[in-house]
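Student: Pasting a structure below so you can have a look.
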Amino acid sequence: MIEIPSDLHKDLVPLAFLLGNWAGAGVHDFPGSEKCNFGQEVAFTHDGRDFLEYRSHTWVLDNDGNKVRPLESEHGYWRVDADRKVEVTMTRDDGVIEIWYGELADKKPQIDLVTDAVARTASSQPYTGGKRLYGYVKSDLMWVGEKQTPDVELRPYMSAHLKKVVTPEEVERWAKALPDDMPDDGIAFFK
Numbered sequence: 371m372i373e374i375p376s377d378l379h380k381d382l383v384p385l386a387f388l389l390g391n392w393a394g395a396g397v398h399d400f401p402g403s404e405k406c407n408f409g410q411e412v413a414f415t416h417d418g419r420d421f422l423e424y425r426s427h428t429w430v431l432d433n434d435g436n437k438v439r440p441l442e443s444e445h446g447y448w449r450v451d452a453d454r455k456v457e458v459t460m461t462r463d464d465g466v467i468e469i470w471y472g473e474l475a476d477k478k479p480q481i482d483l484v485t486d487a488v489a490r491t492a493s494s495q496p497y498t499g500g501k502r503l504y505g506y507v508k509s510d511l512m513w514v515g516e517k518q519t520p521d522v523e524l525r526p527y528m529s530a531h532l533k534k535v536v537t538p539e540e541v542e543r544w545a546k547a548l549p550d551d552m553p554d555d556g557i558a559f560f561k
């Protein structure tokens, strides 16, 4: 269910499907890097201004699904204009700063992004750009990232399937919003 908070900046309504805390798992595979399964936690939040704040943390998972060590972290800001054009500024823990541009798909919650600018510190790994696709599919957030370096052509390197994390406060708020005439046994509600 996509919920639009009353204090969400009006320009961000097309991005409301991203809001919340998400968690899940995915696959990382890029030449020169360890191929692995990873866990991920993502948060898209807002404070009433015209951007969403984005935080992502990933970690390597072992064969039993246990956390082994951090993989990568990102922090950024997402904006959208009246023409559904999306811009993202992103900083990564490996010394890379990116500017992404893209757009929302027509009539569906999907965003295609491409890097416009990449800045790297001297200690970061080679990286020249990327593409990302985010989509809201059956109440889940899915994404795939592509990456290129001076030695590797643009190719997929990470993808994940994330589920919305529901807090106890959200459950309480939803429970308070239920109609007073709900049947006690819960079964009659579905008849």
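Using the working numbering, the first residue of the sequence shown is number 371, and each one after it goes up by one.
By construction, the Cβ of each residue, glycine as well, lies at the ideal position given by its N, Cα and C atoms.
So is Leu389 in contact with chain C if we call contact Cβ pairs under 8 Å?
Tutor: No chain C is part of this structure, which consists of one protein chain only.
Student: Does the count of Cβ pairs from the region 405-412 and the region 527-536 closer than 8 Å reach three?
Tutor: Yes: at least three Cβ pairs fall under 8 Å.
Student: Pull the bridge partners of Tyr562 from the DSSP assignment, please.
Tutor: There is no way to answer for residue 562, as the model of the chain reaches only from 371 to 561.
Student: Among residues of its own chain, excluding the 5 on either side of Lys380, which ones have a beta-carbon nearer than 7 Å to its beta-carbon?
Tutor: If we look at Lys380 and ignore the five residues flanking it on each side, it has no Cβ neighbours.
Student: With a cut-off of 8 Å on the beta carbons, I'd call Val466 and Val488 a contact; round off their distance for me.
Tutor: Indeed they touch by this definition, with Cβ atoms about 7 Å apart.
Student: What does the Cβ neighbour count give for Phe559, buried or exposed, with the cut at 16 atoms within 10 Å?
Tutor: Note that Phe559 scores 45 on pLDDT, short of 50, meaning its location in the model is unreliable and no value can be drawn from it.
Student: Excluding the 5 residues flanking Thr519 on each side, which residues of the same chain have their C-beta closer than 7 Å to its C-beta?
Tutor: Contacts found: Pro496, Tyr497 and Thr498.
Student: Are the CB atoms of Leu378 and Val450 within a distance shorter than 8 Å?
Tutor: Against a cut-off of 8 Å, the Cβ pair of Leu378 and Val450 comes out as no contact.
Student: By DSSP's criteria, Pro440 is part of a beta bridge. Which residues make up the other side?
Tutor: Partner(s): Trp429.
Student: Does DSSP classify Leu378 as helix, strand or coil?
Tutor: It is coil, neither helix nor strand.
Student: Does the Cβ-Cβ distance between Asp399 and Tyr527 come in under 8 Å?
Tutor: Contact flag set, yes.
Student: In angstroms, rounded to a whole number, what distance separates the CA positions of Gly472 and Glu540?
Tutor: Rounded to the nearest angstrom, the two C-alpha atoms are 31 Å apart.
Student: Compute the Euclidean distance between the alpha carbons of Thr461 and Pro538, then round it to the nearest angstrom.
Tutor: Rounded to whole angstroms, Thr461 to Pro538 spans 31 Å at the Cα level.
Student: Assuming His445 contacts Arg419 (C-beta within less than 8 Å), just tell me the rounded distance between them.
Tutor: Contact flag wrong, Cβ pair sits at about 16 Å.
Student: Smallest Cα separation from Glu523: which of Glu442, Gly390, Trp448 and Gly500?
Tutor: Of the candidates Glu442, Gly390, Trp448 and Gly500, the one whose C-alpha sits nearest the C-alpha of Glu523 is Gly500.
Student: Does the separation of the CB atoms of Ser443 and His427 fall below 8 Å?
Tutor: Yes, Cβ-Cβ distance for Ser443 and His427 is below 8 Å.
Student: Please classify Ile481: is it buried, with 16 or more other beta-carbons within 10 angstroms of its beta-carbon, or exposed?
Tutor: So Ile481 ends up on the buried side.
Student: Following the continuous beta strand (DSSP E) through Ser529, name the residue where it begins and the one where it ends.
Tutor: Looking at the DSSP string, the run of the beta strand (DSSP E) that includes Ser529 is Arg525 to Val535.
Student: Using 10 angstroms around the beta-carbon of Val438, count the other beta-carbons present and answer buried if the total reaches 16, otherwise exposed.
Tutor: It is exposed - the Cβ of Val438 has fewer than 16 other Cβ atoms within 10 Å.
Student: Let me know the secondary structure DSSP gives Ala475 once reduced to three states.
Tutor: Residue state, collapsed to three classes: coil.
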